[in-house]
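Asks: Shown below is the structure under consideration.
Number of protein chains: 2
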Amino acid sequence: MTTHIPYYKTKLTGGFWKLKQDLNTAHTIPAVYERFKETGRIITLDFETPWPQGQEPHIYWLSDVVKWLEGAADTLAIGQGDNELREKCAWIVEQIAKYQAEDGYFNNHFQRVAPEKRWTDWNLHELYCAGHLFEAAVAWKEATGEDTLLNVSSKFVDYIERVFVTEKSAAFQTPGHEEIELALIKLHAATGDEKYLRLARYFVDTRGTPGTIPNVKAVQAHKPLREQTEAEGHAVRAGYIYSAMADLARIDGDESLAKACRALFANISTRRMSITGGIGSSAAKGEAFTFDYDLPNINTYNETCAAISLAMFARRMSALEPDSRYGDVAELCLYNGILAGLSLDGEKFFYECPLEIHPRLKERNERFPITQRVAVFSCSCCPPNLNRVLGSITDYLYTKDADTLYIHHFMDSETAFDWNGKAVSVKQVTDYPWDDHVAFVFKGMAGRRIAVRRPGWSDNCSLTAKTKLTNGYYYFNITSDEETIQYDMNVEVKLMSAHTNVWEDIGRAAVQRGPVVYCLEAIDNGDNLRALAVTPDAKFSLKPDDRLGLCLETAGWRVKVPADGKLYAPYNEQWAEQTLRFIPYYAFANRGESEMSVFVRVK
Amino acid sequence: MTTHIPYYKTKLTGGFWKLKQDLNTAHTIPAVYERFKETGRIITLDFETPWPQGQEPHIYWLSDVVKWLEGAADTLAIGQGDNELREKCAWIVEQIAKYQAEDGYFNNHFQRVAPEKRWTDWNLHELYCAGHLFEAAVAWKEATGEDTLLNVSSKFVDYIERVFVTEKSAAFQTPGHEEIELALIKLHAATGDEKYLRLARYFVDTRGTPGTIPNVKAVQAHKPLREQTEAEGHAVRAGYIYSAMADLARIDGDESLAKACRALFANISTRRMSITGGIGSSAAKGEAFTFDYDLPNINTYNETCAAISLAMFARRMSALEPDSRYGDVAELCLYNGILAGLSLDGEKFFYECPLEIHPRLKERNERFPITQRVAVFSCSCCPPNLNRVLGSITDYLYTKDADTLYIHHFMDSETAFDWNGKAVSVKQVTDYPWDDHVAFVFKGMAGRRIAVRRPGWSDNCSLTAKTKLTNGYYYFNITSDEETIQYDMNVEVKLMSAHTNVWEDIGRAAVQRGPVVYCLEAIDNGDNLRALAVTPDAKFSLKPDDRLGLCLETAGWRVKVPADGKLYAPYNEQWAEQTLRFIPYYAFANRGESEMSVFVRVK
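Residue numbers (the numbering used here), protein chains in the order written: chain D, 746 to 1348; chain Z, 746 to 1348.
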């Protein structure tokens, strides 16, 4: 069976993601903790201290805190973070262990505020919060070797199994907000205890069957998961349950689950995903998928957490079966739809990541995504989700089976692990994604096989090894005990168009270089970005920027304002040359409120 | 002083507007009456009959009915309609006269449902309903010579003057929804009684002064009207109050009002008006103007009543000062933004008139304009407003002063009137707007001067008279007692672009022929209209259609669907030739639900 090589086996040694991971450790994790402290999320875990005025614990506050805890524990597990961070974590762990109910339940809202509501409403996120607690437990164990939270989790799971499987005494039978399924699979991976897998299978198998919860697309419960072929409903929940499905398909060799996963992944990636990896295009429909090719630029939802959930799903699909399409999507999410949720200073966040901003549209009094990142949200799932993505970013790099190491992504790093009883290591030396070259150094792998992903954006990769390309992976054999392989991906700046069914983008193109999608901002290019255009054969020059990343410039065009100032006049479009500056999409909205656009007209 | 030649002096003898006027008489007026009967709007005028279950008279129901009454009376005044129509009207008139309160007040909601609320809330439309009652009174007098409603109005106005001017005993001092001002001016024109003008001036002068009603842009009360230079707030209210301002500017020779009118008209027509004459681009902002150049195609409001109010304002500006810009805007409204509100069968209505429809957007659960006209609205101001526009459409044709007859619009018609004691007549023979030629026959006008509007869309007009062009009007003298003048406007099909600040329309053009704006519908051109394009030099052939009007065809293009079906791929736009069929905008949504677009890409 293919397994993941967990993030804590890898140390980032430089480059793009090390900067982001260090930013997370130094700024994002402390910032999120401070916001959670200010808003009462931390103190309300101490059941003996009355909650401050106006800070009654909310139904999902537990998930926010334990998601932060997971991110903080990831950070400790990779040797970052200080003693103060460890103590903050330990205090949280201590409260949870202390106030876990006799029967195994834990949730600061339901125990303290509304005990009578326990298990009464499928949509109150209890199992979701439990799932995040279990994920934190696994991370805490990895960070400290300490079993407290795993023990809490074991007891909690026994209780959940009793209520949901044995007694069926809850008012619903499967989660309203999925997440616990993938968390249970993590508990199994960390402990080897089959009971976790059993409960995960139960929730996956019962979902969408009559009488469990309302049969609605909004929560992927309109039919059994194995029969679903189109991504529906709340996009974050979708990505989480699809992730659990992909895990179970792999672990159980469950072909019917694998088939559903393939169909759902294909539906998302070929019909329902922004070019940034953002998913869930409608806020009004419930932060949800809408219909094929409905991918608006301005009024899209594209929640940061949804891009995270898609990356999680894609990562698990890469483990299920090596096919570069999965890594391509994960990469789009990581470099674009996810990272856009975080400001460059690491302390402010977007929930929604639109592909186009016109600041004055606010004046229409309609609902549009906010145009500037903020320090805190009342519903604060995205910030701690970024904490854990960045803390465990190296989770994305590798999987292995008996004889093959799969290299899915490229980060300057060193990884050491045990492979069937033998200590081996792999090193990547690269300035990816800015540079298109990676030097791999494999140690102790003579006789093993390597599979390295060929990115979908590359037309022409070369490897200093004799390779065979299968499903987007180059396969080659290692023959010596220390072997260095050079990999060149020949990155080019490309104009990318959307399918013509994405009507809003017809005649427009996004600029992409490797996995990085670019955008225009008015602060660089003047107001009215829709008046700008590139030619199909535009040549781009590289303009590195310490803060924004590698920027691009090209000789472009701007439609001239009509000289007569008339509102309507016979068509007579006139152009002026203008140098256009593109910045990485993830860096937008870091220099004040500004018009922004990913897609630009092609003339 | 320049005066209007009222609609009932003209008989339509054929052509475009006669068809619409006949449709109004035969279908729209009966249809609106039936809907009003079904919904309780009619019977609740009889105070002695209990209202049917669920049909408690609403605050604005009176305005709906009397607006219908005005349209029906217009129809009778031009010699159309039958005895049954006259009786329906007479019954309504009788109820109003019978149940008018002793003090002069009349409103079936406030008298029957909420007497304690009379004059307590500026936003409850009491003065608005009164205004529409006064307009109906004038029309009823014109239709029948009968004074009942004029007497009701006189008594009501005396009462309003006492409450608002003398006693100031209402909880507010000026209307929340303007309309009464222009109605009072109509009463003055019909009766010569100065008291009406006095009250109109009072409301115009006090509006926007402190303490009268909240100082909000939503109802044009943010500052005194004379100081307003940008069109703000609810677009229908704006058009109505600007109309009264233009009337008073003309009647009183009030230059400060004229100056404000010019600024407001310029702001609308050069920055805040759709190419169809639609105004008020945001529903969420209160069916209101937003900001300069914010003219969305899909999610615009463009209420039918707002286009009507703009045409009313423009018509009054034409009387204030001959300048073809006013007639140009009135014409755009009449042929496009107004007429689009009515189905071709005359019995279904749009409130909102978008410039682009994508039927599936409904699935996003956001607010979009409806995509198919309906027989009735709960708030039903637009249908009876169409009744009166069509009944009195010939109001738009002419104004005169001591020596000059101004011809603002072109309709196949005969008009006879008294000019300084002399019976004169003018005849237009034309198939306008489909044909660009008008033959004018002037009788009894030797020694008079004629001014005929040169449409802004024409590059090259010719007249069989020696003329001088001033502010868009050709002036010429009549020398004999019966004189025929030929006028050719050389209509061409044009691609019209919006100002580049209307960012949504950059690179796109609307097709316009004379005053008629065209659109594409998927029913003719296939789905995904954004995939279509015309070339800048497109030649159009004329394709008359009995039902839709003159249609146009051109050799155009459609972007090919990508052969590989990929959602994102390197830009490689491929085209296929396709004949494009454009129909008049006013005729859209008459053949089932369909994608529609006014603007089309130019390639």
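Every residue gets a Cβ at the ideal spot worked out from N, C-alpha and C, and that includes glycine.
#1: Which stretch, first to last residue, makes up the beta strand (DSSP E) that contains M1241 (chain D)?
#2: Quick check: is any heavy atom of the ligand MG less than 8 Å from the C-beta of R1060 (chain Z)?
#3: In angstroms with no decimal places, state the Cα-to-Cα distance between L1100 (chain Z) and D992 (chain Z).
#4: At a Cβ cut of 7 Å, what residues of the region 1336 to 1348 of chain Z count as close to chain D, listed as they run along the chain?
#5: Which chain D residues are close to L1240 (chain Z), counting only those with a beta carbon under 8 Å from its beta carbon?
#6: Quick check on DSSP: helix, strand or coil for P1289 (chain Z)?
#7: Can you tell me whether M1190 (chain Z) is helix, strand or coil according to DSSP?
#8: N1044 (chain Z) CB to nearest chain D CB: under 9 Å?
#9: Quick check: the Cα distance between T1352 (chain Z) and R1016 (chain Z), rounded to an integer number of angstroms?
#10: Can you look up N1222 (chain D) in the DSSP assignment and give me helix, strand or coil?
#11: Counting only runs of 3+ residues fully inside the region 1158 to 1202 of chain Z, write out the beta strand (DSSP E) ranges in chain order.
#12: Looking at chain Z, is there any beta carbon in it that lies within less than 9 Å of the beta carbon of H1244 (chain D)?
#13: Using three-state DSSP, classify Y850 (chain Z) as helix, strand or coil.
#14: With respect to the beta strand (DSSP E) encompassing D1073 (chain Z), which residues constitute its N-terminal and C-terminal limits?
#15: So who's on the other strand from G1294 (chain Z), going by DSSP bridges?
#16: Hey, is the region 852 to 860 of chain Z in contact with the region 913 to 920 of chain Z, meaning 3+ C-beta pairs nearer than 8 Å?
#17: Strictly below 7 Å CB to CB, what residues from chain Z border P1307 (chain D)?
#18: Can you tell me whether Q1323 (chain Z) is helix, strand or coil according to DSSP?
#19: What's the C-alpha gap between P860 (chain Z) and S1123 (chain Z)?
#20: Give the range of the alpha helix (DSSP H) segment to which Q840 (chain Z) is assigned.
#21: Check for me: the alpha helix (DSSP H) holding I1115 (chain Z) runs from which residue to which?
#22: Could you spell out where the alpha helix (DSSP H) holding D950 (chain D) opens and where it closes?
#23: Quick one: is H772 (chain D) near chain Z, going by C-beta distance under 9 Å?
#24: Can you name, in chain order, every residue of its own chain whose Cβ lies under 8 Å from the Cβ of R1336 (chain D), other than the five neighbours on each side?
#25: So does the region 1288 to 1298 of chain Z actually touch the region 1235 to 1246 of chain D, counting three or more Cβ pairs closer than 8 Å?
#26: Taking all protein chains shown into account, decide if W867 (chain D) is buried (16 or more other Cβ within 10 angstroms of its Cβ) or exposed.
#27: If distances are taken between C-alpha atoms only, which option among Z:M1057, Z:T1035, Z:A1075 comes closest to G1022 (chain Z)?
#28: Output, in chain order, the set of chain Z residues within a Cβ distance shorter than 8 Å of W1320 (chain D).
#29: Do we get a CB-CB distance below 9 Å when we pair S1026 (chain D) with the residues of chain Z?
#30: Excluding the 5 residues preceding and the 5 following W806 (chain Z) in the sequence, name in chain order all residues of the same chain whose CB lies nearer than 6 Å to its CB.
#31: Residues of chain D with a CB under 8 Å from the CB of S1014 (chain Z): which are they?
#32: Between which two residues does the beta strand (DSSP E) holding T889 (chain Z) run?
#33: For a cutoff of 9 Å on Cβ pairs, would you count G1189 (chain D) as touching chain Z?
#34: When you compare the CB of P751 (chain D) with every CB in chain Z, is at least one pair closer than 9 Å?
#35: Pick from Z:I1328, Z:A945, Z:H749, Z:N1110: whose alpha carbon is nearest that of L1089 (chain Z)?
#36: Please classify T1229 (chain Z): does DSSP put it in a helix, a strand, or coil?
Replies: In terms of the structure at hand:
#1: Here the beta strand (DSSP E) through M1241 (chain D) covers 1238 to 1243.
#2: The model depicted lacks the ligand MG and carries no ligand whatsoever.
#3: Approximately 31 Å between the Cα atoms of the pair.
#4: If the cut-off is 7 Å between Cβ atoms, the region 1336 to 1348 of chain Z has R1346, V1347 near chain D.
#5: What L1240 (chain Z) touches in chain D: P1315, Y1316.
#6: In this structure, P1289 (chain Z) counts as strand in the three-state DSSP scheme.
#7: Looking at M1190 (chain Z) - three-state DSSP - the assignment turns out to be coil, as it is neither helix nor strand.
#8: With 9 Å as the cut-off, N1044 (chain Z) counts as an interface residue toward chain D.
#9: Nothing can be reported for residue 1352 (chain Z), as the shown portion of chain Z is limited to 746 through 1348.
#10: Secondary structure at N1222 (chain D): strand, using DSSP grouped into helix, strand and coil.
#11: If we require 3 residues or more, the beta strand (DSSP E) runs fully inside the region 1158 to 1202 of chain Z come out as 1158 to 1164, 1167 to 1175, 1182 to 1188, 1194 to 1198.
#12: Output row for H1244 (chain D): interface = yes.
#13: The three-state reading of DSSP puts Y850 (chain Z) in coil, since its state is none of H, G, I, E or B.
#14: Bounds of any beta strand (DSSP E) do not take in D1073 (chain Z); it lies within the alpha helix (DSSP H) bounded by 1069 to 1077.
#15: In the DSSP output, where bridge partners are listed per residue, G1294 (chain Z) has Z:D1290.
#16: With the cut-off at 8 Å, the region 852 to 860 of chain Z and the region 913 to 920 of chain Z do not touch.
#17: Within 7 Å Cβ-Cβ: H1244, T1245.
#18: Here Q1323 (chain Z) carries a strand assignment [DSSP, helix/strand/coil].
#19: Roughly 23 Å separates the two Cα atoms.
#20: Start and end: 828 to 844.
#21: Counted as a single uninterrupted DSSP element, the stretch harbouring I1115 (chain Z) is not any alpha helix (DSSP H), since DSSP gives it neither H nor E.
#22: Following the DSSP letters along the chain, one finds D950 (chain D) inside the alpha helix (DSSP H) bounded by residues 939 to 951.
#23: It does not; no Cβ of chain Z falls within 9 Å.
#24: So the qualifying residues of the chain are E1266, I1268.
#25: No, they do not touch.
#26: The residue is buried, with at least 16 neighbouring Cβ atoms inside 10 Å.
#27: Selection Z:M1057, Z:T1035, Z:A1075 evaluated against G1022 (chain Z) yields Z:A1075 as nearest (Cα-Cα).
#28: Neighbours of W1320 (chain D) on chain Z: none; closest Cβ ~11 Å, over 8 Å.
#29: The C-beta of S1026 (chain D) comes closer than 9 Å to at least one C-beta of chain Z.
#30: Cβ within range, chain order: R786.
#31: Simply L1312.
#32: That residue, T889 (chain Z), is in no beta strand (DSSP E); its alpha helix (DSSP H) goes 871 to 889.
#33: Judged by the 9 Å Cβ criterion, G1189 (chain D) is not in contact with chain Z.
#34: It does not; no Cβ of chain Z falls within 9 Å.
#35: When each option's Cα is compared against that of L1089 (chain Z), the closest is Z:I1328.
#36: Strand, per DSSP.
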